[in-house]
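I have placed the structure first, in the form of structure tokens, so that the comments after it can refer back to it.
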Amino acid sequence: MRGVTRTIRSERGFTLAELLVVMLILGGLTSIAVLAITRFLGSGTSEAANTEVNQASVAISNCMVEAGAIQLDAVAPVSWDGSEDVVTATGAGGVVYDAADCLRGKRLKATYRVTPGGEITGVTDQEWAGVSWEDGSWKKSK
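All letters in the sequence shown, in the order written, are residues 919 to 1060 by this note's numbering.
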């Protein structure tokens, strides 16, 4: 019986102070991880929006190149969301080329302002959350 009581007395656990210190350290590490993940998730939206505007720009350029035109058919800036028969260029022989064909049926999440020269100059409407159009590209909203 004496041997049993001796082993029980020699075993020790963690004190309350030691447990609190460990919990504080874990809490600090968790808050740092949450901030880093939140920053990472927000940047994905602006990257996706900028990819979309680049795809729209390439589609417009392809339309103009295929038509052999230096200007689109529109005489004034138009609003384009990827729909057909909005951004077009007429080539030799009267063949009409549509920028929407280069998007392969994808509707854009924003409506872009397109000049007759084929340049995207702004946005009139958008479905992107957490981003805004500034200086010709999408930026993460602050």
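All C-beta atoms in this analysis are idealised placements derived from N, C-alpha and C, irrespective of residue type, glycine included.
- request: Between the Cα of SER975 and those of ARG930, LYS1060, LYS1058 and GLY1054, spot the shortest distance and give me the residue it belongs to.
  value: Looking up residue 975 in the sequence shown gives position 57. Residue GLY1054 is the option with its Cα nearest to SER975.
message: Would you say the beta carbon of THR969 is closer than 6 Å to some non-hydrogen atom of the ligand GTP?
response: For the structure depicted, the ligand GTP is absent and the ligand set is empty, with no information on it obtainable.
- prompt: Looking only at DSSP bridge pairs, what is ASP1016 linked to?
  reply: Working through the sequence shown from its first residue, we reach residue 1016 at position 98. Answer is THR1006, bridged to ASP1016.
- request: Give the straight-line distance between the Cα atoms of ARG1031 and VAL1004, rounded to the nearest whole angstrom.
  value: Translated into the one-based positions of the sequence shown, residue 1031 becomes position 113. Translated into the one-based positions of the sequence shown, residue 1004 becomes position 86. Going by the C-alpha atoms only, they are around 11 Å apart.
field: Contact check, CYS1049 vs SER997, beta carbons under 7 Å
entry: Position 131 of the sequence shown holds residue 1049. Position 79 of the sequence shown holds residue 997. It is worth fixing the name first, because residue 1049 is Val in this sequence and not Cys. Result no, Cβ atoms of VAL1049 and SER997 do not sit closer than 7 Å.
- prompt: Between the C-alpha atoms of ARG1016 and ALA1010, what's the straight-line distance to the nearest angstrom?
  reply: The residue given as residue 1016 occupies position 98 in the sequence shown. The residue given as residue 1010 occupies position 92 in the sequence shown. The residue you asked about is not Arg; residue 1016 is Asp in the sequence shown. Roughly 14 Å separates the two Cα atoms.
query: Which value, in whole angstroms, describes the spacing of the CA atoms of LEU938 and GLY931?
result: Position 20 of the sequence shown holds residue 938. Position 13 of the sequence shown holds residue 931. So the two alpha carbons sit approximately 14 Å from each other.
query: So is ILE943 buried or exposed if we call it buried at 16+ other beta carbons inside 10 Å?
result: Position 25 of the sequence shown, counting from 1, holds the residue named residue 943. Flag for ILE943 reads exposed.
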